[in-house]
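Structure record follows, encoded as structure tokens.
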Amino acid sequence: MMNKIFYTIIAASLTVGAYAQKSDGSTKSLVKAEKEFAATLAKNGSKAAYASFAAADGLAFRPNPVNAKTFYASHPDSKDISWTPVYAKVSRSGDWGFTTGPYTEKGDKTSYGQYLSVWKANGSKWELALDLGTSSNKPLNKVTPLFIEPKDFYKPKFLNDKQRAAGADIIATTEKTLNTTLKSYGMPAFAGFLNPDARLLFPGYEPMIGKDNILPFFNSMISKINLKTTKVDKADGGDLAYTYGIATVDYKADLRESFNYVFIYERQADHNWNIIVQVFSPAER
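Our numbering puts the first residue of the sequence shown at 57, with every later residue one more than the last.
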């Protein structure tokens with residue numbers, strides 16, 4: 057009888073964990089998974105949280121990209137970081153999405169910042185694919201949560217790796233064109249690649265929302281950016297994609313700095329791919 061009760065408890069706890077990460081293709085389910093991830097870390101620590109929620113090949117930028125499961129398994133356990141999603145979107149194919157929002161890290165001194173998580177659906181379960189953040193001062197601006205549901209559902213029935221690679225090449229070419237344009241025209245080149253509602257997460261600053269706010273920031277501080285793309289991934293629905301790599305930034309103050317970057321792209325009605333989220337996180341060279 058005791059064994060039966062014990063196994064029932066174990067089964068129930070596993071069911072709760074699986075349900076928390078359950079993906080039904082909606083942004084609502086992704087936001088729920090992100091919040092459950094944060095709650096698991098607060099309750100059980102970082103080792104357990106990343107062991108449960110990170111994909112087998114999921115990456116954490118600490119500061120450079122490393123396997124998330126391996127990194128947290130080999131580092132001291134912590135419950136000091138908390139975060140809340142305020143902006144999220146999922147592909148119309150329901151196979152991946154992202155959330156971003158503020159985080160707080162308690163220690164000798166409380167620190168603040170903004171995070172970005174990219175999630176992929178593995179079967180009917182959300183798994184963390186990319187995890188990075190940028191530090192900032194304590195947020196002063198109130199942010200209204202924006203969780204955007206897919207407009208429809210579309211997933212090609214027959215899509216092979218060759219077709220996926222061809223789709224990713226389109227994004228890689230877009231970013232290559234962006235980089236070439238940045239070399240020729242400097243920061244104003246971003247004008248042709250940023251969505252009007254784009255978000256920028258840059259160390260030391262609160263999130264900048266809107267192309268009209270991002271471009272003046274870039275123009276005032278930075279003279280040159282060179283992008284070296286490491287990886288491109290595109291949703292099967294053909295509406296969202298992300299890239300990550302190394303950005304070498306030359307400031308106007310005669311200083312050069314290296315960043316890990318992640319850009320989220322969205323396909324527009326005119327078939328162009330625009331950046332909707334940019335994250336720059338200091339790199340270790």
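Note that beta-carbon positions come from the ideal geometry of N, C-alpha and C, so glycine has one too.
| query | result |
| --- | --- |
| N-terminal and C-terminal residue of the alpha helix (DSSP H) that V87 is part of | 83 to 100 |
| DSSP three-state assignment for R220, whether helix, strand or coil | helix |
| Contact set for K176: own chain, Cβ-Cβ below 7 Å, skip 5 residues either direction | A111, D151, W152, E183, A185 |
| Y241, buried or exposed, once every other Cβ within 10 Å from all chains shown has been counted against 16 | exposed |
| Range of the contiguous beta strand (DSSP E) that encloses N178 | 167 to 178 |
| Touch test, the stretch 307 to 322 against the stretch 331 to 339, Cβ-Cβ under 8 Å, three pairs minimum | yes |
| Burial state of L215 (16 or more Cβ within 10 Å) | exposed |
| C-alpha distance - P195 paired with D217, whole-angstrom precision | 42 Å |
| Residue from K287, K181, A124, I226 whose Cα sits closest to the Cα of L188 | A124 |
| Euclidean distance between Cα positions of A74 and K181 | Only weak support exists for where A74 lies, its pLDDT of 48 falling under 50; the value from the coordinates is given anyway. Between A74 and K181, the C-alpha separation is close to 7 Å. |
| Bridge partner(s) assigned by DSSP for V305 | I281, E313 |
| Collapsed DSSP secondary structure at D225 in the structure displayed | helix |
| Those residues which DSSP pairs with E408 across a bridge | Nothing in the structure corresponds to residue 408, since the chain is present only between 57 and 341. |
| E231 - DSSP class collapsed to helix/strand/coil | helix |
| Start-to-end residues for the alpha helix (DSSP H) that takes in A124 | 124 to 129 |
| Spatial distance of P252 from I265 (CA atoms) | 9 Å |
| Start-to-end residues for the beta strand (DSSP E) that takes in T155 | 152 to 161 |
| N- and C-terminal bounds of the beta strand (DSSP E) containing Y261 | Neither: Y261 is in no beta strand (DSSP E) and is coded neither H nor E. |
| contact_flag[the stretch 232 to 239, the stretch 276 to 291] where n(CB pairs < 8 Å) is 3 or more | yes |
| Beta strand (DSSP E) segment containing F246, residue limits | Counting along the chain, F246 falls outside any beta strand (DSSP E), and DSSP gives it neither H nor E. |
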